[in-house]
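Chains as they are written, first to last, in our numbering: chain A, 4 to 416; chain B, 4 to 457; chain C, 432 to 531.
Built from N, CA and C at the ideal position, the CB exists for glycine as well.
Accompanying notes for the structure given below.
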Amino acid sequence: MSSASADVAIIGGGLIGTWTAFFLARRGQRVVLLEKDVVGAQSSGTNFGNLRLQGRFPGQYPLALRSHDLWEDFEALIGEGCEFARTGHLYCAFDAEEQARLEAYAQVSEQHGLTIERLVQPDLHKRFPWLGGRAVAATFSARDATANPRLATPAVARAARRLGVEIRENARVTAVARHGAGFVVTTADGTELGCGALVNAAGAWAVEMAECFGETAPVFAAGPPQFVTEPLPFVMAPSLQTIDGSVIARQTERGNVILAGYPRTAADAVANRAPVPPAKTLAAMRALAGLVPALAHAHVIRVWSGIEGYLPDMIPVIGRSETTPGLFHAFGFCGHGFQIGPGVGLYLSDMIVDGAKPAALEPFSIARFRTAATVSDKFHKEFDHPGMGAQATSPQSGQSKAAQPTIDSPGRE
Amino acid sequence: MSSIVIVGAGPAGIAAAEVLCAHGYRPVLIDEAERAGGQGYRQPAPDLALDMRHLMGSEAGRYNALHRRFSALAGRIDYRPRTLVWAVEGDTLHLLREGRAETIEAAPLLLATGAMDRIAPMPGWTLPGVFTLGGAQVALKDQGCLIGRRVAFLGSSPLLLLAARQYRQMGGEVTVVADTTGLAAKARALPGLLASPLTLLRGLGYMADTLRAGTPLLHGVTPVAIEGDGHVQSLRLRDAAGRERRFACDAVALGYGLKPETQLADLAGASFTYDPDFRLFLPKTDGFGRARPGLYLAGDGATIGGADAAEASGALAAHAILSDLGAPADAAAIPLARRVARLRKFQRGLARAFAWPVAQIRAQADSTVLCRCESVTIGAVRAAMAQALGPVEVNRVKAMTRCGMGRCQGRVCGPALQEIVAAGTARDGAAAGRLRGQAPVKPIALSAAGEAAP
Amino acid sequence: MVTDIQFKRVAERSGARVTLNFEGSAIEATSGDSILAALLTHGLRVRRHEFGGEPRAGFCLMGACQDCWVWSDHGGRLRACTTPVAEGMTLFAQPPAPSP
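Okay, structure coming up:
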């Protein structure tokens with residue numbers, strides 16, 4: 004057994020943990036990041052790669068916009084690229100009812116300073132000739148972007164490391180305990196680490212750690228199935244999404260079209276498995292061919308998934324612990340943590356170093372789970388098996404009727 | 004309703020179907036090819052004027068017998084050619100037939116998916132005119148064509164000599180047969196090869212043939228480059244004495260033994276273990292081919308053993324299925340088990356006599372292409388590994404470099420990638436990990452999923 | 432050595448004559464031929480690689496390496512080594528330019 008100390012220990016080397024480490028180090032903190040596997044292995048590395056701005060949860064815009072500044076500055080900030088591309092995001096409606104919902108999102112987006120173009124047929128087809136006739140209307144947000152998730156997290160981790168962060172991969176945390184004003188964290192190899200502050204960014208595994216300190220959140224694990232086609236001639240510049248969630252697709256500059264399966268599929272965080280049901284692959288293929296007929300002959304060459312943490316109100320937990328001074332949570336990103344990752348890291352570092360209470364993080368306190376969980380009306384549609392996981396509040400329970408919708412669109416990153 | 008399903012109509016699949024039929028079952032036999040026989044015993048198209056007896060030489064008897072036996076199964080099995088199994092989910096096989104997706108419930112499931120050539124990359128190996136050694140034989144048997152007029156055979160495999168002999172018989176010029184394993188290593192492997200003396204003799208016969216034909220036969224070579232302007236024009240190599248030699252040719256057949264097609268076994272839940280003789284991760288089975296309850300593996304898709312072992316292991320797995328379904332023990336299974344064990348032991352000897360050229364692969368220049376689908380060089384893999392927090396395991400290397408991410412899903416580059424990754428971490432091949440199988444095991448068109456609901 | 436044809440036919444087929452079109456040129460083949468055999472008994476390549484544009488002519492010839500796909504005028508892609516020729520097939524070495 005050996006021991007060391009740090010100002011801040013971060014548990015979880017996903018995008019959230021690494022960005023937090025990066026900004027803490029910039030503030031002069033001595034940081035150790037502990038990752039049970041390798042950095043960016045789960046949904047941070049396997050997600051769709053959307054940096055979508057339009058149609059987000061309204062309370063998230065301050066965070067999302069600050070994050071976008073950071074993504075746009077990624078290469079200068081981090082010192083290497085992550086295939087960031089300002090593709091724009093095209094959000095499609097199949098009928099008048101969906102079009103009305105698009106309009107409502109567009110107004111929210113505009114209130115936060117985004118520029119939204121409204122397109123209807125036949126202009127929509129003229130502008131995006133590859134889009135078939137099924138979409139009746141769409142909104143286009145030019146500032147939205149994409150990046151390669153496989154590259155982003157390791158790049159941020161390397162940048163953090165250059166700033167002095169100690170990154171320990173293959174370091175599974177086996178125990179955390181209060182020690183004086185700080186904490187002691189023990190890893191599987193018996194190493195103990197003393198720290199003043201502790202960040203719980205352990206994704207689908209975060210609730211175990213929260214429970215060590217007498218608080219909880221109804222996190223459960225699911226995987227966003229993803230599919231990719233062979234490289235094809237580049238035609239589809241914007242990231243493409245339908246409001247019913249049936250198509251979430253983008254074409255990389257190399258030519259591969261990436262497709263996200265929807266709804267999500269329950270995953271097994273214990274066995275570390277996130278299955279991709281073949282029926283879901285077929286459904287996504289059918290939906291994409293229906294929306295973009297030119298892709299009907301494209302071949303899918305690979306499918307994958309990763310494990311991410313979800314909460315029943317479909318927004319994350321970010322901020323200080325309710326029970327334990329010095330403990331900070333950032334987990335349960337519900338499939339839309341990729342875009343807001345840098346902002347979460349930035350604001351969380353301010354909170355830890357200055358004791359600040361950033362307004363951008365207010366909606367995300369773990370305090371909301373002290374009382375009965377709020378269940379989003381969108382919750383049903385997001386998963387194959389809603390209510391799976393012992394702690395998840397059933398959408399059929401009485402609370403769901405009283406619940407306020409808290410997410411406006413099928414978020415997917 | 005579920006059926007006994009066999010995937011692969013090569014010697015293993017056919018032998019298994021035969022045993023199951025003999026015990027009153029009507030198995031489903033799914034095969035991707037147009038005609039049964041697998042790759043090794045591939046049946047020529049009926050309209051092709053090929054003398055297979057001549058071409059198959061001493062294997063003609065077995066070849067003919069297998070196809071006769073398959074014909075005798077007509078009507079007694081549910082044979083589905085031209086059908087791809089693209090995913091496995093529990094007991095459900097996802098199929099692609101006539102361009103459409105469909106499913107079948109398979110319980111129990113016997114996978115006899117065969118093997119393909121194992122390839123060591125070298126400068127120029129992506130030039131048109133370079134084909135796999137197995138491919139050189141398929142071109143002949145399936146299409147009545149030689150892969151070129153003047154063909155160089157390079158790699159490390161007993162099949163180099165067999166294929167060269169077939170090419171000479173059919174009027175091709177063989178410019179060189181070059182094996183990267185030295186004669187001394189071959190001599191050391193002899194005791195293991197005595198497990199199948201007849202096969203050993205046959206191999207020595209091919210060697211004598213080659214020498215009689217005046218074809219240069221080189222052992223212990225180091226490949227230097229395949230050269231040409233837009234297609235193969237020459238092969239350069241260093242011989243065992245270190246002299247550089249250049250052979251003019253218009254095609255190269257490349258093969259370093261076989262590697263099992265294990266993608267479906269992986270998706271079906273088989274577990275894998277590293278085999279130090281073959282230097283490959285192979286699915287784990289018991290002596291009868293049981294990988295897990297309900298899943299059986301046979302033939303070269305389980306462990307490289309050759310056609311005879313494939314046939315015996317297929318029959319053996321079928322006996323295991325019958326026994327697990329409650330049938331009384333069949334005495335026929337015992338000699339089969341012995342036969343499979345003996346033939347696979349021989350194949351282990353071969354894996355040493357025709358060794359995977361680990362040092363040569365690890366010594367390849369940075370500029371050599373490793374992944375032909377995504378055009379990833381060995382240097383790109385080394386650079387990714389060398390950076391801070393760089394990947395040290397094949398799946399992670401794939402995620403960072405795209406090596407193995409293309410249409411073939413790492414079938415071709417996988418074994419060499421494993422060596423490059425192992426070299427990058429100064430460890431053995433096992434420590435580099437195993438490329439995980441991902442559906443679809445071969446590309447499927449969006450249109451296969453059918454029309455979207457309006 | 433200089434040649435502009437890759438494969439050497441050593442066994443004749445008895446099937447019907449079939450004409451296909453590859454990159455604008457007519458190619459005579461025999462029913463039963465694979466697309467790959469038809470192309471390589473008349474030329475040296477089947478496609479150009481997406482990344483870099485170098486010529487490719489297939490590799491494994493048994494449907495595993497996925498390196499011999501050609502594009503048909505129907506918009507689909509065909510694996511040349513495992514797809515038989517058919518009368519009137521029109522094939523390309525590169526994906527046709529996307530049409531709206």
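Which of the three DSSP states is assigned to Gly158 of chain B in this structure?
strand
Beta-carbon proximity of Leu154 of chain A to Gln57 of chain A, cut-off 8 Å
no
Using the beta-carbon count (16 or more within 10 Å), is Ser370 of chain B buried or exposed?
exposed
Look at the alpha carbon of Glu78 of chain A and the alpha carbon of Cys85 of chain A, and state the distance between them as a whole number of angstroms.
8 Å
Residue of B:Cys376, B:Ala90, B:Leu113 and B:Thr428 minimising C-alpha distance to Thr106 of chain B
B:Ala90
With distances taken between CB atoms, is the gap from Ser324 of chain A to Leu196 of chain A smaller than 8 Å?
no
Spatial distance of Glu29 of chain B from Pro111 of chain B (CA atoms)
Strictly speaking, residue 29 of chain B in this sequence is Arg, with Glu absent from that position. Between Arg29 of chain B and Pro111 of chain B, the C-alpha separation is close to 13 Å.
Using three-state DSSP, classify Val231 of chain A as helix, strand or coil.
strand
Candidates B:Leu285, B:Leu267 and B:Ala268, of which the one nearest Phe275 of chain B by Cα
B:Leu285
Just tell me which of C:Phe490, C:Thr450 and C:Ile466 has its CA closest to the CA of Leu509 of chain C.
C:Ile466
So, is Ile469 of chain B buried or exposed, given that buried needs 16 or more other C-beta atoms within 10 angstroms?
Residue 469 of chain B cannot be examined here, being either before or after the span of chain B that is shown, 4 to 457.
Check Ala395 of chain A in the structure and name its three-state DSSP category.
Any answer about Ala395 of chain A is weak, because its pLDDT of 33 lies below 50 and its placement is not dependable; what the coordinates show is given next. Coil at Ala395 of chain A, not helix or strand.
Which residue's Cα is closest to the Cα of Ala310 of chain B: B:Glu35, B:Ile33, B:Tyr66 and B:Asp50?
B:Tyr66
At a CB distance below 7 Å, what residues from the stretch 344-376 of chain A approach chain B? Give them in sequence order.
none
Enclosing alpha helix (DSSP H) for Gly308 of chain B [first to last residue]:
Per DSSP, Gly308 of chain B belongs to no alpha helix (DSSP H) and is neither H nor E.
Given that Pro281 of chain A touches chain B, what residues does it touch there, using C-beta distances under 7 Å?
Ala90, Glu92, His97 and Ala442
May I ask you to report which of helix, strand or coil DSSP gives Asn50 of chain A?
coil
Can you tell me whether Leu149 of chain B is buried or exposed, with buried defined as 16 or more other CB within 10 angstroms of its CB?
buried
Which residues in chain A sit within 7 Å of Arg399 of chain B, going by Cβ to Cβ distance?
Val41
Can you grab the Cα-Cα spacing for the pair Arg161 of chain A / Leu27 of chain A, in whole Å?
14 Å
Any residues in the stretch 260-294 of chain B with a beta carbon nearer than 8 Å to a beta carbon of chain C? Which ones, in chain order?
Glu264
Find the residues of chain A that neighbour Pro526 of chain C, judging by a C-beta separation of less than 8 Å, and give them in chain order.
Leu235 and Pro236
Residue environment, Lys401 of chain B, which counts as buried when at least 16 other CB atoms sit within 10 Å:
buried
Could you please give the first and the last residue of the uninterrupted beta strand (DSSP E) stretch that includes Glu101 of chain A?
First-last for Glu101 of chain A: Ala99 to Gln114, but that is the alpha helix (DSSP H), not the beta strand (DSSP E).
Exposure of Gly31 of chain A, with buried meaning 16 or more beta-carbon neighbours within 10 Å
exposed
Where Ser144 of chain A falls, given that 16 or more other Cβ within 10 Å makes a residue buried
buried
What residues in its chain sit with their C-beta under 6 Å from that of Leu285 of chain A, if we drop five residues either side in the sequence?
none
Looking only at C-alpha atoms, which of B:Thr225, B:Lys287 and B:Pro443 sits nearest to Ile307 of chain B?
B:Lys287
Using three-state DSSP, classify Cys198 of chain A as helix, strand or coil.
strand
Considering only residues of the stretch 334-400 of chain B, which uninterrupted beta strand (DSSP E) runs meet the minimum length of 3 residues and lie entirely inside it, listed in chain order?
372-374
Alpha carbon to alpha carbon, how far is His505 of chain C from Cys499 of chain C? Give it in angstroms, no decimals.
18 Å
In whole angstroms, what separates the C-alpha of Phe131 of chain A from that of Ala12 of chain B?
47 Å
Our contact map puts Ala224 of chain A next to Ile310 of chain A with C-beta atoms below 8 Å; I'd like the distance itself, whole angstroms only.
5 Å
Starting from His182 of chain A, trace the beta strand (DSSP E) in both directions and tell me its first and last residue.
Val176 to His182
Host beta strand (DSSP E) of Ser237 of chain B (start-end):
Ser237 to Arg241
Beta-carbon contacts of His302 of chain A that lie in its chain and below 7 Å, excluding the five residues immediately before and after
Thr232 and Glu233
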